[in-house]
Amino acid sequence: SRGLIRMPLIPGEIQAACHTEQELASEITTRYLDYLRNPQVDVFIKEYQSQPVAVLGAVRVPSRFQLQRRVRLLELLSHVGGPTETAGRSIQIVHTAMPSICESPAQVESDANSGALDNYKLSETMKGEEQANPYVHPGDVVSIPEAEQAFVVGNVLHPTAIPLRESITVSRAIAMSGGTLPDTKSDRVRIVRQPPGSAKTEIFVDLKAIDRQKAEDVVLQAGDIVDVPTSGGKRLLRALVGAVVPSVAQLPVRVIP
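Here is the structure:
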């Protein structure tokens with residue numbers, strides 16, 4: 424735990440941490456020259472037991488890794504398959520490890536001032552931009568939060584949750600859900616909005632007016648529910664047809680000469 428080892432005949436302890444295998448072998452060889460004429464010393468790492476790095480959140484294969492070399496954040500993300508479609512805009516690194524015994528006091532003070540949590544823009548990390556692609560350290564926990572979501576329900580082709588990785592308007596969200604189905608009452612699309620700690624509000628939009636640029640295309644917020652309604656009369660007619668047609672099909676067929 425202190426990075427020190429003991430060897431037969433050699434008094435005191437030898438620092439193994441912060442040295443390569445070759446550097447440690449050279450140090451031990453020098454110490455043995457007082458006892459052996461031509462000491463032959465080789466150092467091999469039997470097993471790595473460094474603190475692992477974990478990658479969690481909106482990635483395809485959440486995993487833990489034992490680092491045997493320096494690895495940048497983008498390379499680490501490639502080993503977990505990259506972010507998923509529901510990933511948010513940011514990426515966080517939580518530093519949980521104690522300062523390394525190899526770090527100088529100035530480095531330790533610098534790390535303490537930088538804080539235990541770093542945030543980067545995921546888009547910049549994926550581009551490999553240097554300021555958002557740091558080296559990760561043993562004990563780091565990398566997390567990509569899920570994007571906040573809005574929900575589209577009602578008379579659309581695919582009712583779904585829409586990740587808000589960028590600004591998305593109500594018309595775009597409906598298009599991402601496959602568009603409206605027949606009998607949609609497009610002039611009374613309802614947005615149900617309830618910010619945390621606030622009362623629920625309803626916003627009604629007219630899709631046709633939005634298409635004609637006669638009305639505002641409302642930008643969705645986290646937790647919004649877009650309810651696309653159907654026309655009451657047409658819905659009733661469709662229900663009646665669905666109920667009557669099967670019965671008609673079961674009647675016997677008679678020929679009128």
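The opening position of the sequence shown corresponds to residue 424 in the working numbering, with each subsequent residue numbered one higher. Cβ coordinates follow ideal geometry from the N, Cα and C atoms, glycine included. Quantities reported herein were computed from a predicted structural model and do not represent experimental measurements.
Which of helix, strand or coil DSSP assigns to residue i
i	result
Tyr543	strand
Ala510	strand
Ile516	strand
Ala385	Nothing can be reported for residue 385: it is not among the residues displayed for the chain, which extend from 424 to 680.
Asp457	coil
Ser449	helix
Ala596	helix
Leu427	strand
Glu626	It is worth fixing the name first, because residue 626 is Ile in this sequence and not Glu. If DSSP states are grouped into helix, strand and coil, Ile626 belongs with the strands.
Ala632	helix
Asp610	helix
Leu663	For Leu663, the pLDDT reaches just 46, beneath the cut-off of 50, and the residue's location in the model is therefore unreliable, leaving the point undetermined.
Asn536	Confidence in Asn536 is poor, its pLDDT being 48 and thus under 50, which makes the residue's placement unreliable; the coordinate value appears in the next sentence. Helix, per DSSP.
Straight-line gap, residue i to residue j (C-alpha atoms, nearest Å)
i	j	result
His442	Val476	22 Å
Ile437	Met430	8 Å
Ala681	Ile591	With the chain covering only 424 through 680, there is no way to say anything about residue 681.
Arg588	Val628	23 Å
Tyr455	Pro462	7 Å
His518	Ser424	19 Å
Gln489	Asp457	38 Å
Leu687	Ile614	In this structure the chain extends from 424 to 680, so residue 687 is not present and cannot be described.
Val649	Gly505	30 Å
Thr607	Pro586	24 Å
Val503	Ala632	45 Å
Arg635	Val612	16 Å
Val593	Gln515	30 Å
Ala439	Ala539	28 Å
Leu604	Val564	45 Å
Ala584	Arg483	19 Å
Gly426	Phe467	15 Å
Selection from the options that minimises the alpha carbon distance to residue i
i	options	result
Ser513	Ala573, Glu569, Val484, Phe488	Glu569
Asp640	Pro561, Leu447, Arg595, Ser566	Arg595
Pro561	Arg611, Arg492, Thr452, Gly601	Arg492
Ser501	Thr452, Asn556, Asp606	Asn556
Asp647	Glu625, Leu630, Ile633	Glu625
Asn542	Gly435, Leu496, Gly426	Leu496
Ala510	Ala439, Glu571, Lys550, Val559	Glu571
Asn578	Ala632, Gly601, Val559	Gly601
Ala365	Asp610, Ser654, Ile597	No answer is possible for residue 365: it lies beyond the span of the chain, which begins at 424 and ends at 680.
Ala645	Val575, Pro652, Ala638, Val494	Val575
Lys469	Glu450, Ser609, Glu444, Ile567	Glu444
Gln474	Ser654, Pro652, Met599, Arg487	Arg487
Val651	His581, Lys637, Lys623, Ala638	His581
Glu712	Ile567, Glu446, Leu630	As shown, the chain starts at 424 and ends at 680. That puts residue 712 outside it, with no answer to give.
Pro434	Phe467, Met599, Ile451	Ile451
Asp465	Glu498, Ala448, Leu427	Ala448
Ser654	Leu630, Ala638, Ser609	Ser609
Val494	Glu446, Leu459, Gly551, Arg460	Gly551
Leu459	Leu432, Glu553, Gln554, Val559	Leu432
Extent of the continuous beta strand (DSSP E) run through residue i
i	result
Ala573	572-577
Ala440	Here Ala440 belongs to no beta strand (DSSP E), and DSSP marks it neither H nor E.
Ala584	583-586
Ile591	No beta strand (DSSP E) contains Ile591, which DSSP labels as neither H nor E.
Arg493	That residue, Arg493, is in no beta strand (DSSP E); it is neither H nor E in DSSP.
Asp650	648-651
Host alpha helix (DSSP H) of residue i (start-end)
i	result
Asp563	Looking at the DSSP string, Asp563 is not in any alpha helix (DSSP H); the run it does join, the beta strand (DSSP E), is 563-567.
Glu498	496-502
Checklist entry - How about the segment 545-559 and the segment 613-620: do they share at least three Cβ pairs that are nearer than 8 Å? => result Flag = no, the segment 545-559 and the segment 613-620 do not touch.
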